[in-house]
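The next block holds one structure in the form of structure tokens; read it before the comments.
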Amino acid sequence: MKQQHSRKPGMIVAEIVTALLFILFLFPFVLVLLNSAKTSFEVTQYPLAWPSRWGNIIDNVVKIWTSESVRYPSSLLTSTIVTVVSLVLINLFSAQAGWVLVRTKSRISSIIFFILVASMVIPFQIVMFPLLSWFRTVTVATGIRLLRTYQGIILAYIGFGAPLSIFMFHGFIKSIPLELEEAATIDGCQKYQIFYKIIFPILTPIQATVLVLNGIWIWNDYLLPLLVLGKGNDIMTIPLAVSNFAGAFVKQWDLILTAILMAMVPVIIFFLFAQKYIVKGMVAGAIK
């Protein structure tokens with residue numbers, strides 16, 4: 554009983570801190586939601602006030618959807634294609650690489666793994682201009698366009714997303730007993746069958762974690778699409794579209810915030826569907 558009483562104050566403090574953190578992180582979303590239902594004047598004069606008419610959100614959504622400067626439908630399609638294809642390839646290639654690096658006991662595999670881990674700490678700002686130069690060199694050498702194209706931006710996301718993903722898969726695969734693969738080999742399974750029929754389904758929790766972490770980053774990213782796709786291009790992601798919209802309607806903050814809200818909704822829905830796997834996958838990959 555004494556132990557229970559001594560732990561109660563600590564639990565109360567933890568709950569208070571958790572509630573404060575919840576309010577702190579929820580506040581920006583609530584602020585965007587409230588101001589999306591106001592006029593531009595109300596946003597600038599009364600940013601924390603309750604909206605006088607919630608129907609303004611519908612009006613703003615219609616304006617944004619039909620705006621020629623934003624091109625929201627095509628931008629939404631571009632963001633969806635780039636995000637989905639990048640996630641599928643990152644997930645598949647990283648899982649394969651992590652499995653091979655774990656099961657191949659050699660100095661070369663250890664060196665490759667440590668290089669991948671080391672690349673995670675290199676700031677993006679250091680490599681962004683060499684990346685553009687390398688893309689131009691590849692285009693000259695092969696004739697394959699990488700700048701201002703789908704393949705260029707997807708290739709860039711695979712390169713930047715793979716190191717962390719491989720690191721997470723590597724930690725998770727260590728917990729999978731080798732005896733499963735040995736039994737499959739005895740039954741006559743080839744290497745690709747072992748991976749796709751036995752290993753890959755077991756990786757579901759860590760796959761969800763990798764998809765969520767990379768998906769939120771890719772969907773919301775602005776700098777990499779700006780460098781690779783540029784502005785004024787037919788291929789334009791939602792963050793680029795919102796930035797163009799802000800430049801065209803610099804004083805219409807109600808429309809800008811509504812565009813931001815529309816960009817946030819798909820990520821929130823995706824996160825809610827996959828959230829139960831995030832902690833499970835990260836913890837399993839870290840301690841097993």
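Residue numbers (my numbering): 554 to 841. Glycine is no exception: its CB is placed at the ideal position from the N, C-alpha and C atoms.
Leaving aside the five residues that flank residue 756 on each side, the residues in its chain whose CB is nearer than 8 Å to its CB run, in chain order, 648, 722, 725 and 726.
Close CB contacts of residue 750 within its chain, under the 6 Å cut and outside five residues either way in sequence, are absent.
Look at the beta carbons and you see the region 681–691 touching the region 766–783: at least three pairs across the two are nearer than 8 Å. No residue range can be given for residue 621, since it is assigned to no alpha helix (DSSP H) and is classified by DSSP as neither H nor E. Between residue 596 and residue 814, the beta carbon gap of about 13 Å keeps them out of contact (Cβ cut-off 8 Å). Taking 8 Å as the cut-off, the beta carbon of residue 639 is found closer than this to the beta carbon of residue 714. Annotated as distal: residue 826 and residue 768, with beta-carbon spacing of 8 Å or more.
The continuous alpha helix (DSSP H) containing residue 689 extends over residues 677–695.
Rounded to the nearest angstrom, the gap between the Cα atoms of residue 736 and residue 658 is 19 Å.
Annotated as proximal: residue 788 and residue 703, with beta-carbon spacing under 8 Å. Counting the other Cβ atoms within 10 Å of the Cβ of residue 678 gives fewer than 16, which makes it exposed. Under the three-state reduction of DSSP output, residue 743 falls in the coil class, being neither helix nor strand. In this structure, the alpha-carbon of residue 590 lies about 50 Å from that of residue 666.
Every alpha helix (DSSP H) stretch that sits fully inside the region 729–783 and reaches 4 residues is listed by chain position as 731–739, 744–747, 757–773 and 776–781. Look at residue 593 here: in three-state DSSP terms it is helix.
When the Cα atoms are used, residue 689 and residue 700 turn out to be separated by approximately 7 Å.
In the same chain as residue 681, and ignoring 5 residues on each side of it, the C-beta atoms closer than 7 Å to its own belong to 780, in chain order. In the three-state reduction of the DSSP assignment, residue 721 falls in the helix class, which pools H, G and I. Contact between residue 706 and residue 763 does not hold, since their C-beta atoms are separated by about 19 Å, which reaches or exceeds 8 Å. Each residue's CA atom was taken as its position, placing residue 692 and residue 698 some 5 Å apart. For residue 655 and residue 731, the gap between their C-alpha atoms comes out near 10 Å. If you draw a 10 Å sphere on the C-beta of residue 695, you find fewer than 16 other C-beta atoms in it, and that means exposed.
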